[in-house]
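Just so we're aligned: the sequence shown equals residues 1 to 212 in full-length UniProt numbering. Quick reminder that beta carbons are idealized off the backbone N, C-alpha and C, glycines included. Being a predicted model, the structure only gives us computed values, none of them experimental. Below is one structure, written out as structure tokens, with a few remarks after it.
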Amino acid sequence: TGLTREAPATALAVLAPRHTASGGAEVLLGTAGGSLVVADELGAEDQRLEGRLPAPIAAMAPAPNGRFLACFTRGGVLTVLSTSFTTKVLDFDTSTPSPPAALLWCGEDCVAAHWRGLGLLLVGPFGDWVRFPLAEAAALVPEADCCRAVTARRCELVQRVPAATEAIVRIGSTSPAALLHDAAEAFQEGDPRADEGVRALLEGRGPGGGGG
1 TGLTREAPAT
11 ALAVLAPRHT
21 ASGGAEVLLG
31 TAGGSLVVAD
41 ELGAEDQRLE
51 GRLPAPIAAM
61 APAPNGRFLA
71 CFTRGGVLTV
81 LSTSFTTKVL
91 DFDTSTPSPP
101 AALLWCGEDC
111 VAAHWRGLGL
121 LLVGPFGDWV
131 RFPLAEAAAL
141 VPEADCCRAV
151 TARRCELVQR
161 VPAATEAIVR
171 IGSTSPAALL
181 HDAAEAFQEG
191 DPRADEGVRA
201 LLEGRGPGGG
211 GG
């Protein structure tokens, strides 16, 4: 299986029964050879991931929906795989070779990694990333749509900006919601173009709309 007494598991995670085809819990074990072993009550199977992972796994975390697995590999590359191990979703170089103090998911499509003294790194599905300062010791708690950072003094909620909100505030957005938001701001400022914006939306002359 790639696991021996001389080369024990490098990382461990558990897939809950509701996320497995067998209906039983599965234990995921990283190997020193750069692969991953899936073990359940019936036995263990090496997934033969050598060559697909840049290095042995140092830490891993399953997504809340059980469909993906975040793997922080030795050398600092964050790899996201499907839990069927047929698809690699992402390779992201964190430029930080030491394993994070915590690796978890922030919702279902964003991975969070926390290093003491370096802060909290969030990586999205397309490799977009942002880093938040978090100098003090913190316990990171995953939630269905966010994660919480609990320190001795406060509890902070970290959440990816919802797509609907992004469509409104993204620079250059021409979505109907963004145009309506712009019209509302123009109205508050007494700009007569506010009425033009609303009429364009009502008459279907917004982006992709035809003439009224």
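- Message: On the DSSP bridge list, what partners appear for PRO142?
- Response: CYS147
- Whether ALA58 touches PHE72 by CB criterion (8 Å): yes
- Best match in PRO100, ARG193 and CYS146 for proximity to ALA11 [C-alpha to C-alpha]: PRO100
- Message: Relative to the C-alpha of residue 225, which candidate in GLY76, GLU136, VAL80 and LYS88 has its C-alpha closest?
- Response: In this structure the chain extends from 1 to 212, so residue 225 is not present and cannot be described.
- Message: Looking only at its chain, what residues have a beta carbon closer than 8 Å to the beta carbon of CYS110, apart from the 5 residues adjacent to it on each side?
- Response: LEU122, VAL123, GLY124, PRO125 and ARG160
- VAL161 (DSSP reduced to helix, strand or coil): coil
- Among PRO17, PRO97, ALA139 and VAL80, which has the Cα closest to the Cα of LEU90? VAL80
- Query: In chain order, what residues of the same chain lie with their CB nearer than 8 Å to the CB of ARG170, ignoring the 5 residues before and after it?
  - Reply: ALA178
- Query: Taking the C-alpha atoms as reference points, what is the distance between ALA16 and SER22?
  - Reply: 11 Å
- Per DSSP, which one or two residues make a beta bridge with ARG131? LEU121
- Query: Going by the CB atoms, is the gap between LEU36 and GLN47 shorter than 8 Å?
  - Reply: yes
- Query: Would you call GLU26 buried or exposed, if buried means 16 or more other Cβ atoms sit within 10 Å of its Cβ?
  - Reply: buried
- Relative to the C-alpha of VAL158, which residue among THR165, PRO142 and ILE168 is closest? PRO142
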